[in-house]
Every structure is written in C-alpha cells, then in structure tokens.
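4 protein chains.
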Amino acid sequence: MAVNTQSDLAETNRLEAFSDGVFAIAITLLVLELHSPELEEGERLWPALLDEWPQFAAYLTSFAILGIMWVNHHSMFRQIQRADRGLMFLNLLLLLWATLLPFPTSLFAEHLKDDSINANVAAAVYSANLTLAAIAFSLIWWYVLRHHLVEHEMTKSQTRRSVMRYSMGTVIYGACIGISFISAQVTLLIVFLLALYYGFEQLRTRD
Amino acid sequence: MAVNTQSDLAETNRLEAFSDGVFAIAITLLVLELHSPELEEGERLWPALLDEWPQFAAYLTSFAILGIMWVNHHSMFRQIQRADRGLMFLNLLLLLWATLLPFPTSLFAEHLKDDSINANVAAAVYSANLTLAAIAFSLIWWYVLRHHLVEHEMTKSQTRRSVMRYSMGTVIYGACIGISFISAQVTLLIVFLLALYYGFEQLRTRD
Amino acid sequence: MAVNTQSDLAETNRLEAFSDGVFAIAITLLVLELHSPELEEGERLWPALLDEWPQFAAYLTSFAILGIMWVNHHSMFRQIQRADRGLMFLNLLLLLWATLLPFPTSLFAEHLKDDSINANVAAAVYSANLTLAAIAFSLIWWYVLRHHLVEHEMTKSQTRRSVMRYSMGTVIYGACIGISFISAQVTLLIVFLLALYYGFEQLRTRD
Amino acid sequence: MAVNTQSDLAETNRLEAFSDGVFAIAITLLVLELHSPELEEGERLWPALLDEWPQFAAYLTSFAILGIMWVNHHSMFRQIQRADRGLMFLNLLLLLWATLLPFPTSLFAEHLKDDSINANVAAAVYSANLTLAAIAFSLIWWYVLRHHLVEHEMTKSQTRRSVMRYSMGTVIYGACIGISFISAQVTLLIVFLLALYYGFEQLRTRD
Chain L
1 MAVNTQSDLA ETNRLEAFSD GVFAIAITLL VLELHSPELE EGERLWPALL
51 DEWPQFAAYL TSFAILGIMW VNHHSMFRQI QRADRGLMFL NLLLLLWATL
101 LPFPTSLFAE HLKDDSINAN VAAAVYSANL TLAAIAFSLI WWYVLRHHLV
151 EHEMTKSQTR RSVMRYSMGT VIYGACIGIS FISAQVTLLI VFLLALYYGF
201 EQLRTRD
Chain B
208 MAVNTQSDLA ETNRLEAFSD GVFAIAITLL VLELHSPELE EGERLWPALL
258 DEWPQFAAYL TSFAILGIMW VNHHSMFRQI QRADRGLMFL NLLLLLWATL
308 LPFPTSLFAE HLKDDSINAN VAAAVYSANL TLAAIAFSLI WWYVLRHHLV
358 EHEMTKSQTR RSVMRYSMGT VIYGACIGIS FISAQVTLLI VFLLALYYGF
408 EQLRTRD
Chain W
415 MAVNTQSDLA ETNRLEAFSD GVFAIAITLL VLELHSPELE EGERLWPALL
465 DEWPQFAAYL TSFAILGIMW VNHHSMFRQI QRADRGLMFL NLLLLLWATL
515 LPFPTSLFAE HLKDDSINAN VAAAVYSANL TLAAIAFSLI WWYVLRHHLV
565 EHEMTKSQTR RSVMRYSMGT VIYGACIGIS FISAQVTLLI VFLLALYYGF
615 EQLRTRD
Chain Z
622 MAVNTQSDLA ETNRLEAFSD GVFAIAITLL VLELHSPELE EGERLWPALL
672 DEWPQFAAYL TSFAILGIMW VNHHSMFRQI QRADRGLMFL NLLLLLWATL
722 LPFPTSLFAE HLKDDSINAN VAAAVYSANL TLAAIAFSLI WWYVLRHHLV
772 EHEMTKSQTR RSVMRYSMGT VIYGACIGIS FISAQVTLLI VFLLALYYGF
822 EQLRTRD
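The following block contains the structure:
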C-alpha cells in the first residue's frame, strides 16, 4: 500500500492536470461577468466605469482567491503520493465550489451598492461559497492523512498543526458569513486582505 | 500489433489530455448557465434565489455527471494501451455529448417548474443526452475489446461483465427518457442519485 | 540543425499542449451559441426545439470540423521534430481561425433559414473561415518542409503528395464560398459530409 | 540553492502548464465578445458585418497580443530553472492582466467609432491594461534575476540588455495611453503593428 509505483504518480499527475485546468478556466471565466456600462446618449464613459467599481473589486477578489486556491492545491498535492477514488471525489467536491465562484461573484458585484438587506445576503452567499471550499480543503487533507497518502512520515504535532492550518480557513470564512450581515463592503475588503495575507504568509514560511 | 511502443503511449496521453481539457472546460462552463435573479424594486434577494432552485439542482446534477464521466473515462483509458484513429473518433463522439450537456442543463433548469408538458420534454431531452453519452462509452469499450487495445488479457467472463457494466448506463438513462414523461422532477432526482451511486460504487469496488 | 535535442522536443510538446488547449476550448465553447427557445405563453417546447434545427446542424458541423482539425494537427505535429518561432507564429495563425469559428457558426445558425441573400452571405463567411484555416494548415506544412523540421527524410514524390493533400482543403473549402451563393443549406451539408469523409478516409489510410 | 532538482523542474512545469491554460482560454474567450449584427427587417447582412469592423479589429489585435504574450512567457520561462512562491505570485499578477484583456477589448470595440471622448477613454483603458501586463513582465524578470532563478550565468551587459528589453514594452504601451487621447483608432493601429513587429523581431533575433 505504501509503495509509490509509477502508476500512482500518473494518477496524481492526471488529477493535478485536471484540477489545474478547472482552476485556469474558472479564473479566466470571471472576466465574462464584467459588462461594459450601458451609456445613455451623451453620457461619459469614465464616470460610468468608476461607478462600476463593485464589479472590478469583486473580480479582483475572486481572482486572488482562485489564484491562492490553485497555489494551495498545488502545495497540498506535492505532498500527496497516491490518488485513490476517494481522493478523486473529494477533489471534485473542491472543484465544485471553485467552479461555482463566478456566480456569487456576479451576485456580489450586482448588489454590493444596494442599500437593502440584499447586499448582505449577496455577501453571505459569497462567504458561504468560500467556507464550503475551505471545508472541502480540510476534508481532502483529513482523508489524505487518514489513508496515509502523504509522501513522508509526519510527527503527531506536525499532523495536528497541518490540520489546524486547514481548519483555519473554514473558521475565518465562516465568520465572514456573519460579518456579511454587518457590512457587505467590509466583508469584501476582509476577504481580499485575507487572500493577500495568505499569499504573503506562504511566501514567508514555505520556501 | 500488440507491442506497446513509446509512440503509442504518447498517442494515448495526448488523447487523454485533450479529453481532460474538454471535460474540465465543460464542467466549468456550467456556471455560465446560472443567472442572478432579476429583482423588482424592493424585492428580496434571498427568496428570489431560493425560487431559482431548479437552476442549482440542474447545475449540481450536471456537475456530478460530468465529474463521474471524467472519472470513468480515466478508469477506462488506464486499461487502454494504444490509441488508433478509430478510437480517436469514437472518443470525439463521447466528447460531443459531454460538451453538449450545458445546453439541456439550461433547458431543464428553465422548464423544471413548468406545469405543462414542456417540463417533461426538457427532462427527456436531458435524459437523451445522457443516454447518447452512455452509448458512446459502450461503443468505445466494444471497439477497444474488438481491436485488442486493452493492456492485459481478459477472460471471457471478465469481458462479458465489463461489457454488461457499460451497457447498464445506456439502459438506465434510456429508462429515464420514459420516466421524464411521468415527472421531470423525479427524473432529475434519479439522475442525481445515480451519479452519487456510481461514485460510491466505484469507491467500493475499484481500488 | 538536424539533431533532435531534448529542448526541441520540449518546444514541440508545449506548442502541441497549447494548441490542444485552444482546440479543446473552442470545441467546448460552441455550446454557448445554443440558446433555449423563448416560448410564448402556452407554446410547446418540442416544436420550438425542432424549429431551431439550424442551431444544432451548425453546432454539429463545427464540432466535427474542429475535431478533425485537432486530429489533423495531431498527425502533422507527430511528424515535426523541432519547433522554431516561425512555426509558432504560423501555428498561431491557424489557431486564430480555429478560435474564430464559433462566430461564423452562430451567424450561420441565425441566418440559415432566411429567404434573403443573408443566408448565402452567412454561408460564405463560414466557408471563408474554413478556407483560411486550410490555408494556414498548408502554410505550416510548406514551412515545415522548407525548414527541414520533419522527423524523417521524404522522397520528392512523397513531399509533392503531402503538399497536394493539404492544398486540397483550400481548394474544396474555397469552392464552398462559391456554392454558398447557390444554397446555404447545401453548403452546410457539404461541409458536414466533408468532415465525415476526412474522418473515415484517415481511418482507412493512416493507421 | 542553485542545484536544479527534479522537484524544481516539476514546479516550473506546472507553473507553465497553468499559464498556458490561462493564455489558451483567454485567447479563445475573445470570440465571445463578437456579436452577430442585429438586423432590421430587410436589412442586408454584409454591410452590417462590415459596419462591425471595430469588433474584428479589436479581436484581431487582442488575439495577436495574447499570442505574443504567450510566446514571450514561453521564452522567458525556458530560461528559468526554478520557481518559488514569489515567482508564482508575480506570475499570477501577469495572468490577471492577461485574463482581464477581453473586457477592455469589448469596451474598445464598442466605443471605437464614437465621436466623443468615450472612444479615447476606451483606448486609454485598453492601453493601461497592456501597460500593466508589461510591468508584470518586467517585475517577473527583475525578480528572476535578483533571486538567481535563471538557468545560466549572464554577464552584466547581458543582464542590462535583457532588463532594457522588458522595460521597453512598459514605455511603449505607457505612451499609448497618451496617444489614446489624440486618436483611439491610431492607438489600435499602433498596438496591432507593435504586436506584428514583436513577432517578426523575435523571428529574426532569437532562433
């Protein structure tokens, strides 16, 4: 069970290639949610574009999140030596939430400036999508540890720390669901800063 | 004819990579069929989203089906050692039905709540698409066996069982075309449960 | 110049992978040009779908053409041992016409049933796109022969025959531009049959 | 730090594969911004298509730019032997501007024929996107040199020349932002000619 045969590697590679493809497509499809402003006769383009800032803020945030997810997926799978069908299905679960993201992104962009509760609901739906993705990441890691699919031996404390790390995302994005009902715009800012933080934190600790 | 040269492998690999690409794109494009609800002045977002449940149900089902198709394709091609042009064209036939799926998915989502026969027709079109994909899978497997493109010798009973297995999908999805005219919603539920069942069944028997 | 180093191979591989990606995406995007029929109150879905047959015919034809183009690209590049920048740019020219195809496809689908000259113009634009793709294929092959990028020595008659083969497509699709002005529907049928013929002919002669 | 282990190579390969995927998708998505002209009763298709020339000019230009960016990315990464997380994030920055391009492309196409300042603003937004992409290219190269991630030793003058080369794009596209306010159409022409020039210049100097 523990021997790393070439066929196992092929399995992991094809899984990674498929996931890379899905991340690459999802990140590129985000642009289709950006729409040129419809101008009335004599209306200026520049202020109309500025007025669309929620679109661009949501685009940028989702791009950052999918980018980080791809980097994380990458880091995680470098430590995985074998892929079995259970892993394939949990990975599909993660990809489900990744591919869905353009939908709440456009929902968020559309309602970010609403005065009503709709802005909060849109933010909560967006945060829920991120929370579900974080849960899927945790499930994959838990499964991988439980079925000894990692490449190297890990000490108990290393294992605990790695599990903590992945649970973190679930807690933080879960909290964002609550924050959504305080302010949609603050939620977007927090989510964006989190993506930047994760990026830099990884820069610092992992190389 | 039976020697597995490096060029044969390259051929299979490029075929798999192309197919993986198509599956990854088709599964990611599904999200483009999800539309934000258009709200009237003062309308609430949350009930409007809940009201769109057929969209999400159809999205989830098609995602599950394309995911399973990818896993199946993967399992099948791991047993194939050589790709010739006949296999390439039958594979294109399968990809035709896979890439078409977003269309009946959006048709299904749009008409699932109709009271009229239109809901049944949409369900039948959706089921027909799945049946055609199942037939393509069977054709590929039949072609592969007939032209001795599998990696290993199979006993007669193994061959028969593997052919049965792939024919199963055709029969079940074919039956769904009929069930569509009883209830569109039951059809969607059956198709979704089938995808889950296939997922778990493979988890159990194949590793 | 003639030595096949590993770096040359890497170059060809990345070129093929990029092209495969573009073909896979273009073939999958075709589905976005299929639109659910907009029904009036009480209108039946089934006849409305049947009424949309030009959409499906154009979809099927473009799918077949892009599929064949992928197979052809595949066959051609298996014979090429090195990629230089000239080849990369000619390949981009081919990809330009491949990625553009969804546009004339939707134009064709929209106007196929028009009684006016518009149906003929749409068919001519579609045929012109195919002609330009065929010319790009010829240019690639001519460039490859001229710069000795093929894997093996070819006799003069083999060279001539291979050039003829690729020029064929240009002549035939060029003729379709003319036929478009006789009948748009006949043009679509011819183009579809040609794709099938190319498929089968390759089945017969190349394995 | 300088040893080129297999895992470093794997890292670069997956980075390149992901980037190739994103470029391939972005270049193929451009076609979705082309819309069939909506004809009034009895209107001719051919003049309506000709009237849409800004769409096609913008499509062609963006296709050329993304194609050149892919070739450049390719050339750059062939010289890079290791990828660390810093490089991954700078690469994501570049991909951000590459995936965004379809949006200013459609903005440009829509307003190119406007008599008002809107045409200039659209051209400036388009040029700004290109400038940001050029800056990302420069940042990557600067980072790669600073962290000794290149494959081979470079002399000081080689280093200076390579940095100059990449800074060039930033200056030229930056100048296009200014030119946009003189004439949107001239800007499009310059950008297109630049893409051609870069293509041919590379043909000449790099093989």
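Chains as they are written, first to last, in the numbering used here: chain L, 1 to 207; chain B, 208 to 414; chain W, 415 to 621; chain Z, 622 to 828.
Idealized CB from N, CA, C, for every residue including glycine.
### Query
To which residues of the same chain is GLY406/B closer than 7 Å at the C-beta, ignoring the five residues directly before and after it?
Here GLY406/B has ILE275 as same chain residues with Cβ atoms under 7 Å from its own Cβ, once five neighbours each way along the sequence are excluded.
### Own chain partners of ASN4/L with C-beta closer than 6 Å, once the 5 adjacent residues on each side are dropped
Because the pLDDT at ASN4/L is just 43, under 50, the model does not fix this residue reliably, and the point stays unresolved.
### Message
Checking the sheet assignment: what are the DSSP bridge partners for VAL837/Z?
### Response
Nothing can be reported for residue 837/Z: it is not among the residues displayed for chain Z, which extend from 622 to 828.
### Task
Return helix, strand or coil for ASP672/Z, following the three-state DSSP convention.
helix
### Message
What does the Cβ neighbour count give for ILE596/W, buried or exposed, with the cut at 16 atoms within 10 Å?
### Response
exposed
#### Entry: Terminal residues of the alpha helix (DSSP H) in which THR366/B lies
363-387 is the span of the alpha helix (DSSP H), which, as asked, contains THR366/B.
### Query
Under a CB-based cut-off of 9 Å, is HIS562/W close to chain Z?
So no, HIS562/W is outside the interface.
### Query
Hey, VAL535/W and TRP667/Z: beta-carbon distance below 9 Å or not?
yes
#### Entry: Validate contact between the stretch 747-756 of chain Z and the stretch 45-65 of chain L using beta carbons, cut 8 Å, 3 pairs
no
### Query
SER489/W: buried (16+ other C-beta within 10 angstroms of its C-beta) or exposed?
exposed
### Message
On the DSSP letters alone, give me the boundaries of the alpha helix (DSSP H) that GLY456/W sits inside.
### Response
Per DSSP, GLY456/W belongs to no alpha helix (DSSP H) and is neither H nor E.
### Query
Does the Cβ of ARG292/B have 16 or more other Cβ atoms within 10 Å, making it buried, or fewer, making it exposed?
It is buried - the Cβ of ARG292/B has at least 16 other Cβ atoms within 10 Å.
### Task
Would you mind sorting ARG574/W into buried or exposed? The rule is 16 or more other CB atoms within 10 Å of its CB.
exposed
### Status (buried if at least 16 other CB within 10 Å, exposed otherwise) for LEU403/B
exposed
### Query
Which stretch, first to last residue, makes up the alpha helix (DSSP H) that contains SER313/B?
309-318
### Span separating the alpha-carbon of LEU602/W from that of PRO516/W
15 Å
### Task
Could you give the DSSP three-state label for LEU448/W: helix, strand or coil?
coil
### Task
For ALA231/B, go through chain L and note every residue whose CB falls closer than 7 Å to its CB, in chain order.
The answer, in chain order, is PHE18, GLY21, VAL22, ILE25.
### Message
Give me the residue from LEU715/Z, VAL652/Z, ASN693/Z with the minimum Cα distance to ILE27/L.
### Response
LEU715/Z
### Query
To the nearest angstrom, how far is it from the Cα of ILE190/L to the Cα of TRP763/Z?
Taking C-alpha positions only, ILE190/L is separated from TRP763/Z by approximately 30 Å.
### Query
Quick one: does SER450/W have its CB under 9 Å from some CB of chain B?
Answer yes: the Cβ-Cβ gap between SER450/W and chain B drops below 9 Å somewhere.
### Task
Between the Cα of TYR787/Z and those of THR776/Z, ALA669/Z, PHE644/Z, VAL765/Z, spot the shortest distance and give me the residue it belongs to.
Measuring from the Cα of TYR787/Z, the nearest candidate turns out to be VAL765/Z.
### Task
Using a Cβ cut-off of 9 Å (strictly closer), state whether ASN118/L contacts chain B.
Yes, ASN118/L lies at the interface with chain B (some Cβ there is under 9 Å from its Cβ).
#### Entry: Stretch pair the stretch 653-665 of chain Z + the stretch 516-534 of chain W: three plus CB contacts closer than 8 Å
yes
#### Entry: Near-chain A residues of the stretch 66-91 of chain L (beta-carbon distance less than 9 Å), N- to C-terminal order
This model lacks chain A altogether, as its protein chains are L, B, W and Z.
### Query
If we ignore side chains and look at the alpha-carbon of each, how far apart do PHE684/Z and VAL652/Z end up?
9 Å
### Message
Check whether chain W comes within 9 Å of VAL238/B, counting only Cβ atoms and requiring the distance to be less than that.
### Response
False, the Cβ-Cβ gap to chain W never drops below 9 Å.
### Task
Could you name the residues of the same chain whose beta carbon sits closer than 8 Å to that of LEU256/B, not counting the 5 residues immediately before and after it, in chain order?
Apart from the 5 residues on each side of it in sequence, LEU256/B sits with its Cβ closer than 8 Å to the Cβ of PRO244 in its chain, given in chain order.
### Message
Counting only beta-carbon separations shorter than 9 Å, does THR720/Z have a partner in chain W?
### Response
For THR720/Z, the closest Cβ of chain W is not nearer than 9 Å.
### Query
Quick one: which chain L residues come within Cβ less than 7 Å of ALA754/Z?
In chain order: nothing, as chain L lies at least about 14 Å away.
### Query
In this structure, does DSSP put ASP528/W in helix, strand or coil?
coil
### Message
Can you list, in chain order, the residues of its chain with a C-beta nearer than 7 Å to that of ALA598/W? Leave out the 5 residues immediately preceding and following it.
### Response
LEU526, ALA533, ASN534, ALA536, ALA537
### Query
Quick one: is PRO461/W near chain Z, going by C-beta distance under 9 Å?
no
### Task
Closer than 7 Å by C-beta to PHE170/L: which residues in its own chain qualify, once you throw out the five before and the five after it? Chain order, please.
Note that residue 170/L corresponds to Thr in the displayed sequence, not to Phe. Once the five neighbours on either side are set aside, the close Cβ partners of THR170/L are THR131, ALA134, ILE135, SER138.
### Query
Short check: CB of MET606/W to CB of LEU474/W, under 9 Å?
With the sequence shown as reference, residue 606/W is identified as Phe, and Met is not the correct amino acid for it. The answer is yes: Cβ separation under 9 Å.
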